[in-house]
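Trainee:
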Amino acid sequence: MNADDSKSIYGVGAVVGVKNEPLAWETAENRARAELAKTFRTYTAYLMQDYAASTSAGNFTKSTEEQNVERAVKTFSAVTLNGVRPIDRYKDDETSTYYVLTKLSFAEMKEALQQAQELDEEVRDFVRKNAEKAFKKLEQEEAKRPGGL
């Protein structure tokens, strides 16, 4: 590790259970990039439902208790990160887990943010529209899941 490494942020991605090795490495790398993206901008929707009941009848010496707690979390992140590079990778042969470590230096991050600030209004509108489409698609996918999220 050198002095420049301390002025960087890192993301780790992992995947297990993928037998196609090139696909496993690519998936782990993409997940590492996603971890970095979540550092910058993440939308999180959180819902928790808590239900408890106690029922008694007659002489009130006996009661029936029940409770149910449910939690749903939805997270979405959309950001373009230039300069993110995989710097290390490792395969745990015992568990067949693939790990990739990615790095983004603060210097590259500052440059990317400067470029983002220079976007003209047309590009910003394009990004906004596509972000809305991505959210809608995410909601449609969630609606397909049993119990929804």
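UniProt numbering puts the first residue of the sequence shown at 1, with every later residue one more than the last. Every residue, glycine too, gets a C-beta built ideally from N, C-alpha and C.
State the beta-bridge partners of Arg89 as determined by DSSP.
Mentor: Val100
Trainee: Secondary structure at Ala57, three-state DSSP: helix, strand or coil?
Mentor: coil
Trainee: Among Tyr51, Asn59, Glu66 and Ile9, whose alpha-carbon lies nearest the alpha-carbon of Ala37?
Mentor: Comparing Cα-Cα distances from Ala37 to each of Tyr51, Asn59, Glu66 and Ile9, the minimum goes to Ile9.
Trainee: Secondary structure at Glu65, three-state DSSP: helix, strand or coil?
Mentor: strand
Trainee: Are the beta-carbon atoms of Gly83 and Glu108 separated by less than 9 Å?
Mentor: Contact flag set, yes.
Trainee: Quick one: give me the first and last residue of the alpha helix (DSSP H) that Pro146 is part of.
Mentor: Note, Pro146: premise wrong, no alpha helix (DSSP H); not H, not E.
Trainee: Using a Cβ-Cβ cutoff of less than 8 Å, which residues in the same chain neighbour Arg33 once the five nearest sequence positions on both sides are dropped?
Mentor: For Arg33, where only same-chain residues beyond five positions count, the Cβ hits under 8 Å are Gly11, Gly13, Leu81, Val84 and Thr102.
Trainee: Give the single residue among Ser63, Ala52 and Thr61 whose Cα lies nearest to the Cα of Glu70.
Mentor: Ala52
Trainee: DSSP three-state call for Glu70: helix, strand or coil?
Mentor: Strand, per DSSP.
Trainee: Suppose the cutoff is 6 Å on Cβ atoms and the five residues either side in sequence are ignored; what does the same chain contact list for Ser54 look like?
Mentor: In chain order, Ser63 and Glu65 place their CB closer than 6 Å to the CB of Ser54, counting only its own chain and leaving out the 5 sequence neighbours on each side.
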